[in-house]
Amino acid sequence: MARNLRASFLAFFLLMVLVSSFFRSSQAAGIAIYWGQNGGEGSLAATCATGYYQYVNLAFLITFGAGQTPVLNLAGHCDPPSGTCKSLSNDINACQSRGIKVLLSLGGGVGNYRLTSAEDAKQVANYLWNNFLGGQSNSRPLGNAILDGIDFDIEAGSGLYWDDLARALAAFSSQRKVYLSAAPQCPFPDAHLNTAISTGLFDYVWIQFYNNPPCQYTNNANNLIASWNQWTSVKCNKLFLGLPAAPEAAPSGGYIPPDVLISQVLPYIKSSPKYAGIMLWNKYYDRGYSSAIKDIKFGNDKNPEINLPGHCNPATNGCKIISDGIRYCQKRGIKVMLSLGGGIGNYSLASKEMPKTCQFTCGTMSWVDGPFQDL
0 MARNLRASFL AFFLLMVLVS SFFRSSQAAG IAIYWGQNGG EGSLAATCAT GYYQYVNLAF
60 LITFGAGQTP VLNLAGHCDP PSGTCKSLSN DINACQSRGI KVLLSLGGGV GNYRLTSAED
120 AKQVANYLWN NFLGGQSNSR PLGNAILDGI DFDIEAGSGL YWDDLARALA AFSSQRKVYL
180 SAAPQCPFPD AHLNTAISTG LFDYVWIQFY NNPPCQYTNN ANNLIASWNQ WTSVKCNKLF
240 LGLPAAPEAA PSGGYIPPDV LISQVLPYIK SSPKYAGIML WNKYYDRGYS SAIKDIKFGN
300 DKNPEINLPG HCNPATNGCK IISDGIRYCQ KRGIKVMLSL GGGIGNYSLA SKEMPKTCQF
360 TCGTMSWVDG PFQDL
């Protein structure tokens with residue numbers, strides 16, 4: 000039993016060396032999440048308080064364009080016609096105070112939306128600016144909170160005039176920055192958003208690698224990687240790998256178990272300079288996926304956080320049992336190193352003093368401070 004335990008520890012640390020990522024001291028990759036389509040997913044404020052997400056898309060504005068009265072649908076959370084969604088203003092502000100960007104998502108898989116002309120696109124842009132962004136209106140559905148931008152999740156109709164909408168929204172950035180994101184399907188180019196994305200105005204593109212068998216993960220990542228390589232040619236510097244947070248979130252497939260994502264998919268995907276993180280559909284289905292793929296957190300006065308999913312829980316001092324396994328490896332001449340950063344995480348160094356902070360490797364800390372006991 001002891002020999003098997005030691006062997007498993009040895010295999011674990013060898014695996015850590017093989018899949019460890021290089022450290023980047025600038026800005027780490029992040030996780031974007033869609034929120035709003037299930038009342039059982041928890042509040043917006045609680046979603047942001049988890050610390051897992053850097054971007055939250057409020058889903059969806061399901062009706063707009065062609066002279067229609069816009070309709071916001073946040074299923075199960077609030078009722079826009081009665082004004083109850085204005086209570087989300089405080090939640091939005093709370094998210095933004097944590098540095099999280101909150102965007103309104105347009106469209107979705109079910110809705111009645113379309114643009115009939117460039118002028119129609121301009122009118123929609125004016126509505127969005129005055130009712131959700133930095134403009135003014137007496138009928139702001141989400142209250143006085145100012146959203147950071149607009150997400151294009153266009154899955155119906157034609158591809159006409161979405162580029163005009165992007166240009167009209169981007170023009171408001173002269174008054175206050177309007178972040179633009181797009182959520183195209185993974186078949187390249189996207190049937191609805193190709194022209195819009197080609198404007199180069201989008202800050203983020205989170206590609207949906209699910210419910211699309213030709214380019215999603217299906218027992219291997221070959222089709223996904225081939226599609227990703229095509230997407231790296233678009234005029235956007237921040238691309239996100241869009242995935243379902245659970246198998247049931249994508250009836251037509253595309254779910255990737257966290258361990259497979261970390262060991263088989265991300266090592267290739269994040270080699271692209273345009274890789275910026277993971278997008279997940281959606282908060283209701285995210286019952287541990289984000290925590291499983293989130294890497295170590297440190298720097299800028301954050302409490303360092305180590306992530307060894309499936310092995311131990313540092314928050315309960317559960318990783319101290321690994322101490323014997325580390326010594327076992329070291330006695331056999333095997334060097335055991337802690338990998339900083341990774342494809343998903345929240346880490347940076349703001350000064351020359353920050354690297355001097357000891358937590359895992361310095362001998363001056365008491366054993367209760369280190370997650371691996373007295374090593």
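Under numbering that gives the first Met the number 0, think of the first position of the sequence shown as 0, with each following residue one higher.
All residues carry an ideal CB built from backbone N, CA and C; glycine is no exception.
Ranked by Cα distance from Gly287, the options Val264, Ala244, Leu265 are led by Ala244.
By the C-beta density criterion, Glu154 is buried, having at least 16 other C-beta atoms within 10 angstroms. The secondary-structure analysis by DSSP pairs Thr49 with nothing; it has no beta-bridge partner. For the options Ser42, Ala45, Thr49, the alpha carbon positioned closest to that of Ser290 is the one of Thr49.
Annotation for Leu307: Cys318 place their beta carbon closer than 7 Å to its own, counting only its chain and skipping 5 residues before and after.
Of the residues Lys176, Trp161, Ala170, the one whose Cα lies closest to the Cα of Gly148 is Lys176. Cα atoms of Arg113 and Leu168: separation of roughly 16 Å, rounded to the nearest angstrom.
Counting C-beta pairs with one atom in each stretch, the stretch 130-142 and the stretch 82-91 have three or more that are closer than 8 Å, which means they touch.
In its chain, beyond the 5 residues on either side, Ala117, Ala120 have a beta carbon closer than 6 Å to the beta carbon of Asp163. In the DSSP assignment, Trp34 is bridged to Leu57.
With fewer than three CB-CB distances shorter than 8 Å, the stretch 184-195 does not count as touching the stretch 131-139.
The closest CA to that of Asn221, considering only Gln263, Asn210, Thr231, is found on Gln263. In the structure shown, Tyr160 falls within a coil segment according to DSSP collapsed to helix, strand and coil. Per DSSP, the continuous alpha helix (DSSP H) segment holding Pro266 begins and ends at 265-268.
No Cβ-Cβ contact shorter than 7 Å links Ala28 with Ala248. Per DSSP, the unbroken beta strand (DSSP E) holding Ile277 starts and ends at 274-280. With contacts defined as CB atoms closer than 7 Å, Cys77 and Thr68 fail to qualify as a contacting pair. The bridge partners DSSP lists for Lys100 are Tyr54. Going by DSSP, Ile224 is part of the alpha helix (DSSP H) stretching over 221-230. Remark: C-beta atoms of Ile321 and Val335 do not approach each other more closely than 7 Å.
CA-to-CA, the gap between Val233 and Ser96 works out to about 31 Å. Cβ neighbours of Gly38 within its own chain (closer than 7 Å, five residues either side excluded): Ala74, Gly75, His76. Under the three-state reduction of DSSP output, Leu43 falls in the helix class. Secondary-structure assignment with DSSP links Trp205 through a beta bridge to Phe239. Between Phe208 and the set Ser104, Gln174, Ser157, Met278, the nearest pair of CA atoms involves Met278. Counting along the chain, Ala155 sits inside no beta strand (DSSP E), nor does DSSP assign it H or E at all. A direct Cα-to-Cα measurement between His310 and Ile206 gives close to 31 Å. Ser180: member of the beta strand (DSSP E) spanning 178-181, first to last residue.
Around Asn130, the same chain offers Ser136, Ser138, Arg139, Pro140 as residues with beta carbons nearer than 7 Å, after the five sequence neighbours per side are excluded. The beta carbon of Gln329 lies closer than 7 Å to those of Val335 in the same chain, with the five residues before and after it left out. Phe63 sits in a strand when the DSSP states are folded into three classes. In the structure shown, the three-state DSSP call for Val70 is strand. Using a Cβ distance threshold of 7 Å, Trp161 and Ala195 count as a contacting pair.
Secondary structure at Ile255: coil, using DSSP grouped into helix, strand and coil. Check the Cα spacing between Ile292 and each of Asn281, Pro257, Ala124: the tightest is with Pro257. Nearest Cα to Tyr283 within the set Ala31, Asn236, Gly35: Gly35.
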